[in-house]
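Accompanying notes for the structure given below.
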Amino acid sequence: MSQPQTSSRPLSPHLQVYKPQITSTLSILHRLTGLWLAVAAAVLVLWLYGLAFDASLFQALTGFFSGLFGKVLLFSWVLAFNYHLCNGIRHLFWDAGKGFELPKVYRSGYLVLAASLILSVLVWLGSL
Amino acid sequence: MKKEQMTPTPLVQAIGLGSAKAGFSHWWLQRLTAIFLIPLGLWFVFSLAGVPDYSAATIQAWLRSGLNAFWLGLFAVTALLHARLGIEVVVEDYVHTRWLEVLIKTLLSLAMASAIALAVFSILSLVRGA
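Residue numbers (the numbering used here), protein chains in the order written: chain S, 729 to 856; chain U, 8 to 137.
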């Protein structure tokens, strides 16, 4: 297939001079949390493999994630999961053609942020 | 505006190529796994947060009780598939060198298939108590 047009015409938007908005910020955050959760999935597989076959790997992971830095990582994965979940539901509504009006996009954006924070607090309380 | 002055658009190149073909099933599978992951993911996060501790004995006992191993396996496979589909889209969007894009997607497929096999194999042997 032929390549996309390669011209010297400027690309839009110019991200360097583009004012961040909640819409664009939440959009890129969906991708970043998705990538970050893929790292979490890899760690989960290693953890299960360690539990089944490699006791020293399991010990190392348990030690790392009971430390402060490990716990911060774990909680960042909880936050990322809840955000990606809530914003993913928002995307499913968009896929169904619903909620595209600008005021609704802003409202659902704030709703997603609030819901993912509340869910994360609930998970944290559940782990106590 | 006269026709000669108009800038040709990528649409001209796309006309006649037919439907999105395999693109649709990629998109659809991403949505299907997303929907499955809503209950599975919530179950996983709250279950794991709820176990009393993270020692090998506790986690093994948790895995062997009820259908936990089954749900965990289903969650792991679905999540890894969903991750693969998502990373593929990111790579397609940002890697513009064709051979590098194909190489990364190939390695990604290999890594994700291995991860799925490893997760299922580990869970099965944990349940059987190997």
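Think of the CB as a built atom: it goes at the ideal place given N, C-alpha and C, for glycine as much as any other residue. Note that this is a predicted model, so its numbers are computed, not measured.
**OP:** Report yes or no: do three or more beta-carbon pairs, one from the stretch 48-59 of chain U and one from the stretch 67-86 of chain U, lie closer than 8 Å?
**Re:** Output reads yes: the stretch 67-86 of chain U touches the stretch 48-59 of chain U.
Subject >> Three-state secondary structure (DSSP) of A137 (chain U) >> reply: Caution applies to A137 (chain U), whose pLDDT of 49 falls short of 50 and renders its modelled position unreliable; the model cannot decide the point.
**OP:** Taking L856 (chain S) as the reference, give the member of U:E108, U:I94, U:V58 and U:S72 with the closest Cα.
**Re:** The residue with the shortest Cα to Cα distance from L856 (chain S) is U:V58.
**OP:** Let me know if M8 (chain U) comes out buried or exposed under the rule of 16 or more other beta-carbons within 10 Å of its beta-carbon.
**Re:** Note on M8 (chain U): pLDDT 49, under 50, position unreliable in the model; no value is reported.
Subject >> Of the residues U:G73, U:A68 and U:A122, the one placed nearest A90 (chain U), counting alpha carbons only >> reply: In terms of CA proximity to A90 (chain U), U:A122 leads the group U:G73, U:A68 and U:A122.
Subject >> T761 (chain S): contacting residues in chain U (beta-carbon distance under 7 Å) >> reply: Result: empty, since nearest Cβ-Cβ is about 10 Å, beyond 7 Å.
Original post:
With 16 as the cutoff for other CB atoms within 10 Å, does L110 (chain U) come out buried or exposed?
Top reply: Note on L110 (chain U): under 16 other CB atoms within 10 angstroms of its CB, so exposed under the neighbour-count rule.
**OP:** Could you check the C-alpha separation between S784 (chain S) and Y746 (chain S) for me, to the nearest Å?
**Re:** A straight-line Cα-Cα distance of about 49 Å links S784 (chain S) and Y746 (chain S).
Original post:
Which word fits S794 (chain S), buried or exposed, when buried means at least 16 other C-beta atoms lie within 10 angstroms of its C-beta?
Top reply: Burial check for S794 (chain S): the Cβ neighbour count within 10 Å stays below 16, so the residue is exposed.
Subject >> Inter-residue Cα distance where the pair is L774 (chain S) and D782 (chain S) >> reply: Roughly 9 Å separates the two Cα atoms.
Original post:
Can you name, in chain order, every residue of its own chain whose Cβ lies under 8 Å from the Cβ of I940 (chain S), other than the five neighbours on each side?
Top reply: Residue 940 (chain S) falls outside the range modelled here, since chain S spans only 729 to 856, and no answer is possible.
Subject >> Three-state class that DSSP yields for R737 (chain S) in the structure shown >> reply: The DSSP-derived three-state label of R737 (chain S) is coil.
Subject >> Within-7 Å CB hit, F792 (chain S) to chain U >> reply: Nearest CB-CB separation between F792 (chain S) and chain U: not below the 7 Å threshold.
Original post:
In the structure shown, what three-state DSSP assignment does F828 (chain S) receive?
Top reply: Assigned with DSSP and collapsed to three states, F828 (chain S) falls in coil, not helix or strand.
Subject >> Cross-chain neighbours of V851 (chain S) in chain U, by beta carbon under 8 Å >> reply: In chain order: V52, F53 and A56.
**OP:** Using a Cβ cut-off of 7 Å, pull out every chain S residue sitting near A27 (chain U), in sequence order please.
**Re:** Here the premise fails: no neighbours, minimum Cβ distance about 13 Å.
**OP:** Could you please give the first and the last residue of the uninterrupted alpha helix (DSSP H) stretch that includes L856 (chain S)?
**Re:** DSSP places L856 (chain S) in no alpha helix (DSSP H); its state is neither H nor E.
Original post:
If H812 (chain S) sits next to T753 (chain S), beta carbons under 8 Å apart, how far is it from one beta carbon to the other, in whole angstroms?
Top reply: Actually they are not in contact, since the Cβ atoms of H812 (chain S) and T753 (chain S) sit about 14 Å apart, beyond 8 Å.
Original post:
Hey, how far is the Cα of L18 (chain U) from the Cα of L24 (chain U)?
Top reply: Rounded to whole angstroms, L18 (chain U) to L24 (chain U) spans 10 Å at the Cα level.
**OP:** Below 8 Å CB to CB, which residues in the same chain sit around V127 (chain U) once its five sequence neighbours on both sides are set aside?
**Re:** For V127 (chain U), same chain residues with a beta-carbon under 8 Å away, outside a window of 5 residues either side, are G80, A83 and V84 in chain order.
**OP:** Could you spell out the range, first to last residue, of the alpha helix (DSSP H) harbouring I94 (chain U)?
**Re:** Bounds of the alpha helix (DSSP H) holding I94 (chain U) are N75 to Y101.
Original post:
Leaving out five residues before and five after H758 (chain S) in sequence, what residues of the same chain have Cβ atoms less than 7 Å from its Cβ?
Top reply: Same-chain partners within the cutoff: H812 and N815.
**OP:** Mark F786 (chain S) as exposed unless 16 or more other C-beta atoms lie within 10 angstroms of its C-beta, in which case mark it buried.
**Re:** So F786 (chain S) ends up on the buried side.
**OP:** Go to V806 (chain S), then tell me how far its alpha helix (DSSP H) extends in each direction, as first and last residue.
**Re:** Element bounds for V806 (chain S): L796 to D823.
Original post:
Does DSSP put P3 (chain U) in a helix, in a strand, or in coil?
Top reply: Nothing in the structure corresponds to residue 3 (chain U), since chain U is present only between 8 and 137.
Original post:
In chain order, what residues of the same chain have a beta carbon less than 8 Å from the beta carbon of L801 (chain S), not counting five sequence neighbours either side?
Top reply: Only F793 meet the Cβ criterion.
Subject >> Contact list for the stretch 87-102 of chain U against chain S, Cβ threshold 7 Å >> reply: Per Cβ criterion, the list reads L87, A90, G93, I94 and V97.
**OP:** Out of S:L853, S:I817 and S:L765, state which residue places its alpha-carbon closest to the alpha-carbon of S804 (chain S).
**Re:** Of the listed residues, the one whose Cα sits closest to S804 (chain S) is S:L765.
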